[in-house]
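Protein chains in written order, with my numbering: chain P, 129 to 244; chain B, 22 to 130.
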């Protein structure tokens, strides 16, 4: 079975440009999580979806960030406009979706974003 | 707010040594996760536990809910165990996953 798929794996863009990160969760998983990892702040939860509905978006840093999950097999995280401080590795993870944060999550390989 | 602290931040050991990594948290929780991040960046979930002890191969995770403390042990450590180990907990209301800052483990052959 394929694991969590993220694209692109690497993205280099200039400040002010729009960036869209994509995630395909494991088939049959009903929860999806977006995380950001930086050297300064470590891993941070950005947003958590269950059954395509945002449950916890308190980690979304500001209005420049938005996330959608139009169906059970696809989610996007968009940054518009991007800034150099958004440079980080963005991970997507999925889980079965019956226990919230109390179940094993499966992580994608991450997207390494560099904003110049 | 849940404060999650790990110790040590860095650990270097010889192959074969017994390794212990600690995680403390400040609020009542329902479960605790241990994650492994490989040098290439990939993250793997090792354990999720809410009480007692779990074992998988050479890895053992324990949790003491009353003391708000969890440990990850590695027996007969091997260079391939070199990674960053991260603990994470939701708070008692099953809201907001908080991560520790990680322990960087290096096993020398």
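No residue lacks a Cβ here, since even glycine has one placed at the ideal position from N, Cα and C.
query	result
Euclidean distance between Cα positions of residue 130 of chain B and residue 63 of chain B	23 Å
Strand pairing of residue 65 of chain B, partner residues [DSSP]	B:57
Which of helix, strand or coil DSSP assigns to residue 214 of chain P	helix
Pick from P:225, P:221 and P:217 that is closest to residue 137 of chain P, judged by C-alpha positions	P:217
Beta-carbon proximity of residue 107 of chain B to residue 171 of chain P, cut-off 8 Å	yes
Start-to-end residues for the beta strand (DSSP E) that takes in residue 124 of chain B	124-129
Distance CB(residue 147 of chain P)-CB(residue 242 of chain P) smaller than 8 Å	no
Buried versus exposed call for residue 167 of chain P [16 or more other C-beta atoms within 10 Å across all chains shown]	exposed
Candidates P:190, P:219, P:237 and P:229: closest to residue 178 of chain P by CA position	P:229
Start-to-end residues for the beta strand (DSSP E) that takes in residue 111 of chain B	104-111
Top-ranked residue by Cα proximity to residue 233 of chain P, from B:69, B:44 and B:61	B:69
Own chain, CB closer than 8 Å to residue 100 of chain B, minus 5 neighbours either side, in chain order	36, 128, 129 and 130
Chain P contact residues for residue 52 of chain B, given Cβ-Cβ distances below 9 Å	227, 229, 230 and 231
Local Cβ density within 10 Å of residue 130 of chain P, reported as buried at 16 or more and exposed below that	exposed
Residue 83 of chain B at chain P interface by Cβ criterion, 8 Å	no
Proximity test, Cβ basis, 8 Å: residue 124 of chain B and chain P	no
Among B:44, B:55, B:34 and B:32, nearest to residue 26 of chain B - alpha-carbon criterion	B:44
6 Å Cβ shell around residue 109 of chain B - same chain, five flanking residues per side excluded	54, 118 and 120
Coil, strand or helix - residue 169 of chain P by DSSP	coil
Members of the region 63-77 of chain B near chain P, C-beta cut-off 9 Å	63, 64, 65, 66, 68, 69 and 71
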